[in-house]
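The structure appears below as structure tokens.
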Amino acid sequence: MKKLLALIPAALTALLLWSAYAPMNESCAIVFALVPMLVISRFCTPKRSLVLWTICGLLFWVATLSWMPAIIKNNGPWPLVILGWFGLGTACALFFSAFGWLTARAWQAVRVRGNRAGETLLVLLVVEPFVWAGLEWCRSVVPFGGFAWNYLGTAVGGIPSFAAPARLGGVY
24 MKKLLALIPA ALTALLLWSA YAPMNESCAI VFALVPMLVI SRFCTPKRSL VLWTICGLLF
84 WVATLSWMPA IIKNNGPWPL VILGWFGLGT ACALFFSAFG WLTARAWQAV RVRGNRAGET
144 LLVLLVVEPF VWAGLEWCRS VVPFGGFAWN YLGTAVGGIP SFAAPARLGG VY
């Protein structure tokens, strides 16, 4: 039962992230979308964080790529379309996995050193944002084409005050 309850933050984050992009375009959801899983990363082991972020990423990407079965209508062979849909979803979910593991390791280091306020701020304001942005960049330039789609920064485009920093560093 306890393991099933741990899936709630993963599903909630995936749902909120999905709703921030087309066709829902609920830009405000992006403000809170990552919070449930960021809390998980902060308080659990890196291995557990990796597993839960992988589930979250898979749920998000499969929902986001739900247009792929439409390829079948254009004479795409349905087994290959389904395989491609879940294959691409899984590949993109691996970047979520890496984020979960890396941030949980950072929080683990902070806990070991005594939860100093400066280190906590460093992880919150520097490590987590830079790891997320770096992994989004990696996802876009990975060999064989990359998948430069649904960056976190594109979801805040509808909120001018949040989109303003993009003038300095781009969508990342």
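Following the working numbering, the numbering of the sequence shown begins with 24 at its first residue and continues without gaps.
Where is the CB? At the ideal position from N, CA and C, for every residue including glycine.
If you draw a straight line from the alpha carbon of residue 95 to that of residue 112, how long is it in whole angstroms? 17 Å
Measuring only the C-alpha atoms, how far is residue 192 from residue 43? 21 Å
Buried/exposed call for residue 203, threshold 16 Cβ in 10 Å: Since the first residue shown for the chain is 24 and the last is 195, residue 203 is missing from the structure and cannot be characterised.
Let me make sure I understand the geometry here. Which of 78, 83, 33, 47 has the alpha-carbon closest to that of residue 59? 33
Look at the alpha carbon of residue 155 and the alpha carbon of residue 122, and state the distance between them as a whole number of angstroms. 6 Å
Taking residue 115 and residue 190 to be in contact with their CB atoms under 8 Å, please state how far apart those CB atoms are, rounded to whole angstroms. The pair is not a contact, with the Cβ atoms about 27 Å apart (cut-off 8 Å).
Element boundaries [alpha helix (DSSP H), containing residue 53]: 52-56
With H, G and I counted as helix, E and B as strand and the rest as coil, what does DSSP make of residue 182? coil
Tell me the DSSP secondary structure of residue 115 in three-state form. helix
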